[in-house]
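Below is one structure, written out as structure tokens; the observations come after it.
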Amino acid sequence: MTRHEVKVWNWIREVLVPLGFHFRRQVPIGRYVVDFACLKQRLIVELDGEQHGRDPAIEAADRERDRLLSREGYQVLRFTNQDVDRRKIVVLDTILAALRGEWSARNPASPDVRSPYNRAN
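Using full-length UniProt numbering, read the sequence shown as starting at 1 and increasing by one per residue.
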């Protein structure tokens, strides 16, 4: 696992597992291996390294992968390494909201999106 994957795995174990959510890492689903999955909730968490923002071919492959996983009934959340380094609360809040059925977005931790629990209602 990468340094960023280790960070997220530790957050999952420390925060989400005690809340009753069971995650696995490096999970084979169809022809893909996803970074993290909560199979019961049909939620996948993917971390995108530096190459994901620079290479159009990788971006296209990610879109196709997400489309196929969505067709299988999974919600896919993607976070960048920068999100992991700088936005821990937003990453965790977004995952938790998705687990509770309260959040859906293509790129939930993009800089213009606030934590779903800190929004003014």
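Beta carbons: idealized from backbone N, C-alpha and C, even for Gly.
Ranking Gly101, Ala57, Arg100 and Leu96 by CA distance to the CA of Arg13 puts Leu96 first. Annotation for Arg78: the continuous beta strand (DSSP E) segment containing it runs Gln75 to Thr80. Contact check for Val45 against Val17 fails: the beta carbons are separated by 8 Å or more. Sequence-distant partners of His4 (beyond 5 residues in either direction) whose C-beta falls short of 7 Å from its own C-beta, in its chain, are Leu47, Asn81 and Val84.
Looking at the DSSP output, Glu46 bridges to Arg78. A distance below 6 Å between beta-carbons, with the five flanking residues on each side excluded, links Phe21 to the following residues of its chain, in chain order: Cys38 and Leu99. Under the 10 Å beta carbon count, Gln75 is surrounded by 16 or more other beta carbons and is classified as buried. Excluding residues up to 5 positions away in sequence, nothing lies with its Cβ nearer than 6 Å to the Cβ of Gly101 in the same chain. According to the DSSP secondary-structure assignment, Pro28 is paired through a beta bridge with Val33.
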